[in-house]
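Input: a single structure, listed below in structure tokens.
Numbering (this note's numbering), first residue to last: 1 to 222.
Rendered as structure tokens:
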């Protein structure tokens, strides 16, 4: 597979970076992969290659370029969380949606979206607010309970860990009660269970959530 860096232009004219990972074989569809608060780090690149191996042309936008171009943290220390979380809040949801919109335009249809943590929240909101997405899979997005009144425009599934210290189950249950149009899968795992090569990784939950995501996308692409 081929990995390249490129520059995209948001709807407000702002230029931001992105990484494109192209599959080795036949292209099945386009996929926007939205980062955690730590930028396009090794976990995001590994996740992108994982989807590319399944035939997806993956586009990973650098979401905080308005705050700190090229921001990347490999650690998940309190300092890294504070820095990345600060950039997420400063960037805001409007800028995030504008950048995802540019990613949709940069990919040949059909286009799917997925994301982890912050990226899971952005993926869900994009499915509710933007046109051009075929389906979305949101991994442990902490803002989904706050977005429970937002109706998706395309098929969406959501994944949460029952032992997630960052997302109380009360919020997940409120989301489930409100959004009966969104299948929600709860795993016996904590936050970041799909973060391979880390202490947070829960292999069984990761494998199941990944397969459910592929199943959603493959069903939709038909």
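For every residue, glycine included, the Cβ atom is placed at its ideal position computed from N, Cα and C. Since the model is a prediction, treat every value here as computed from it, not as a measurement.
Cα-Cα separation, residue i to residue j
i: residue 12; j: residue 65; result: 14 Å
i: residue 74; j: residue 80; result: 9 Å
i: residue 218; j: residue 28; result: 9 Å
i: residue 203; j: residue 196; result: 8 Å
i: residue 232; j: residue 169; result: Nothing in the structure corresponds to residue 232, since the chain is present only between 1 and 222.
i: residue 35; j: residue 183; result: 22 Å
i: residue 158; j: residue 14; result: 30 Å
i: residue 111; j: residue 209; result: 19 Å
Helix, strand or coil at residue i [DSSP, three-state]
i: residue 37; result: coil
i: residue 20; result: strand
i: residue 140; result: coil
Span of the alpha helix (DSSP H), counted from its first residue to its last, around residue i
i: residue 221; result: 203-221
i: residue 78; result: 78-106
i: residue 176; result: 169-178
i: residue 147; result: Run containing residue 147: none; DSSP gives neither H nor E here.
Cut-off 7 Å between Cβ atoms - residues of its own chain near residue i, not counting five sequence neighbours on either side
i: residue 42; result: 74
i: residue 148; result: 174, 175, 178 and 179
i: residue 99; result: 10, 16, 61 and 63
Close Cβ partners of residue i (< 8 Å) along its chain, the five nearest in sequence each way excluded
i: residue 54; result: 23, 28 and 214
Same chain, Cβ closer than 6 Å to residue i, neighbours up to 5 away in sequence not counted
i: residue 2; result: 22
i: residue 97; result: 129
Where the beta strand (DSSP E) containing residue i begins and where it ends
i: residue 116; result: 111-116
i: residue 160; result: 156-161
Min CB distance residue i to chain C below 9 Å
i: residue 10; result: The question asks about chain C, but that chain is absent: this structure has only one protein chain.
How about the segment 84-98 and the segment 24-32: do they share at least three Cβ pairs that are nearer than 8 Å?
Contact between the segment 84-98 and the segment 24-32 is absent, because fewer than three Cβ pairs lie under 8 Å.
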